[in-house]
Amino acid sequence: MGQVKLIVSNWKMNLDSKQATRLITNLKKLKKIHPNFKNIICPQFMLIPLVSRLINQNQIILGSQDCHYINEGAYTGDTSIKLLKENNCKYVIIGHSERRHNHKETDSIVRKKVEHVLLNKLKPIVCVGESLKQRKSNKYKYILKKQLNNCIPTNQNHIVIAYEPIWSIGSGLVPTLNEINEIYSLTKLFLRNNKKIKDFYFLYGGSVNSENFKKILDNTDVDGALIGGASLNFKEIKKILTKS
Numbered sequence: 004m005g006q007v008k009l010i011v012s013n014w015k016m017n018l019d020s021k022q023a024t025r026l027i028t029n030l031k032k033l034k035k036i037h038p039n040f041k042n043i044i045c046p047q048f049m050l051i052p053l054v055s056r057l058i059n060q061n062q063i064i065l066g067s068q069d070c071h072y073i074n075e076g077a078y079t080g081d082t083s084i085k086l087l088k089e090n091n092c093k094y095v096i097i098g099h100s101e102r103r104h105n106h107k108e109t110d111s112i113v114r115k116k117v118e119h120v121l122l123n124k125l126k127p128i129v130c131v132g133e134s135l136k137q138r139k140s141n142k143y144k145y146i147l148k149k150q151l152n153n154c155i156p157t158n159q160n161h162i163v164i165a166y167e168p169i170w171s172i173g174s175g176l177v178p179t180l181n182e183i184n185e186i187y188s189l190t191k192l193f194l195r196n197n198k199k200i201k202d203f204y205f206l207y208g209g210s211v212n213s214e215n216f217k218k219i220l221d222n223t224d225v226d227g228a229l230i231g232g233a234s235l236n237f238k239e240i241k242k243i244l245t246k247s
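In the working numbering, each residue's number is its place in the sequence shown (first place is 1) plus 3.
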């Protein structure tokens, strides 16, 4: 989409308050973050108020790992976007494969959440990706187009798409550079022709580390990365943010 790259740290259900404080404190000390990088951190819900206070208008941007598609009500265990906004969250990860699998989230639910996030002027990071079985059976293009069609509303520029092949998450397996570019081209063409979207961010996620990140960023059309385990390790995320 442009020169700006989104580096999104998905902490998942990791780190306690002391660990989060230590990591944020170290990140705030970084002086050589690449000038075109946006450093976005998405902690688990109970850490969001703490992280919000710690970053305190620093160059770190706060995001959330999920939200409900209703502002308030009888939804035990869910979190409203109103509280995310109160804590200065700017981005929300929607439709991560772990939510789709563990919480049985359908494309319909993901679509409602995306629309709700957009309505509230936050930026959704919409996750799409295929399973290993779907990749091997050559159904991955159909699956990805279906997810994009069902989850993304029309005429919404600046959407963030995070391509996370399920078979790559936490496995150490990473698609080839050509495979990542293929999915970027598929996404670009589909959004332009079917959703009237010309401007979007395309992130890659799945076993991202400091070593493969450089290769992916320098040799594909991605606009950044959605990073899991490596984002919990200060030395790793430092290398990624400084591209060192």
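By construction, the Cβ of each residue, glycine as well, lies at the ideal position given by its N, Cα and C atoms. Treat the numbers as computed from the prediction; the structure is a model and nothing was measured.
### Query
residue 106: buried (16+ other C-beta within 10 angstroms of its C-beta) or exposed?
Translated into the one-based positions of the sequence shown, residue 106 becomes position 103. Exposed, since its Cβ has fewer than 16 Cβ neighbours within 10 Å.
### Query
residue 216 to residue 207, Cα distance in whole Å?
Looking up residue 216 in the sequence shown gives position 213. Looking up residue 207 in the sequence shown gives position 204. Using only the alpha carbons, I get a separation of about 9 Å.
### Message
Output needed for residue 227: all residues of its chain with C-beta closer than 6 Å, excluding positions within five of it in sequence on either side, in chain order.
### Response
As a position in the sequence shown, residue 227 is number 224, starting the count at 1. Excluding positions up to five away in sequence, the list reads 8, 9, 10 and 206.
### Query
Helix, strand or coil for residue 249 per DSSP?
With the chain running from 4 to 247 in the structure shown, residue 249 is simply not present.
### Query
residue 114: which of 133, 134 and 73 sits nearest, CA to CA?
Translated into positions along the sequence shown, residue 114 becomes position 111. Measuring from the Cα of residue 114, the nearest candidate turns out to be 73.
#### Entry: Opening and closing residue of the alpha helix (DSSP H) in which residue 156 lies
As a first step, residue 156 must be located in the sequence shown, where it is residue number 153. No alpha helix (DSSP H) contains residue 156, which DSSP labels as neither H nor E.
### Beta-carbon proximity list for residue 174, same chain, < 7 Å, skipping 5 on both sides
On the sequence shown, residue 174 is found 171 positions in, with the first residue counted as 1. Contacts found: 210.
### Task
Can you check DSSP and say which residues form a bridge with residue 256?
As displayed, the chain neither begins before 4 nor continues past 247, which places residue 256 out of reach and without an answer.
### Query
What separation, rounded to the nearest whole angstrom, lies between the Cα atoms of residue 17 and residue 244?
The sequence position of residue 17 within the sequence shown is 14, counting from 1. The sequence position of residue 244 within the sequence shown is 241, counting from 1. Each residue's Cα considered, the two are about 20 Å apart.
### Message
Taking 8 Å as the threshold (C-beta atoms), are residue 62 and residue 13 in contact?
### Response
Within the sequence shown, numbered from 1, the residue matching residue 13 stands at position 10. Within the sequence shown, numbered from 1, the residue matching residue 62 stands at position 59. In this structure, residue 62 does not lie closer than 8 Å to residue 13 by Cβ.
#### Entry: Candidates 40, 241, 153 and 66, of which the one nearest residue 111 by Cα
Taking the sequence shown and counting its residues from 1, the one referred to as residue 111 is at position 108. If we check each option's Cα against that of residue 111, 153 comes out closest.
### Task
Output yes or no for whether 8 Å exceeds the beta carbon distance between residue 132 and residue 94.
Counted from its first residue, the sequence shown places residue 132 at position 129. Counted from its first residue, the sequence shown places residue 94 at position 91. No, the Cβ-Cβ distance between residue 132 and residue 94 is not below 8 Å.
### Message
Suppose only complete runs of 3+ residues qualify. What are the beta strand (DSSP E) ranges in the segment 91 to 157, listed by chain order?
### Response
94 to 97 and 126 to 131
### Contact under 8 Å by Cβ, residue 97 with residue 116
The residue you call residue 97 lines up with position 94 of the sequence shown. The residue you call residue 116 lines up with position 113 of the sequence shown. Cβ atoms of residue 97 and residue 116: closer than 8 Å.
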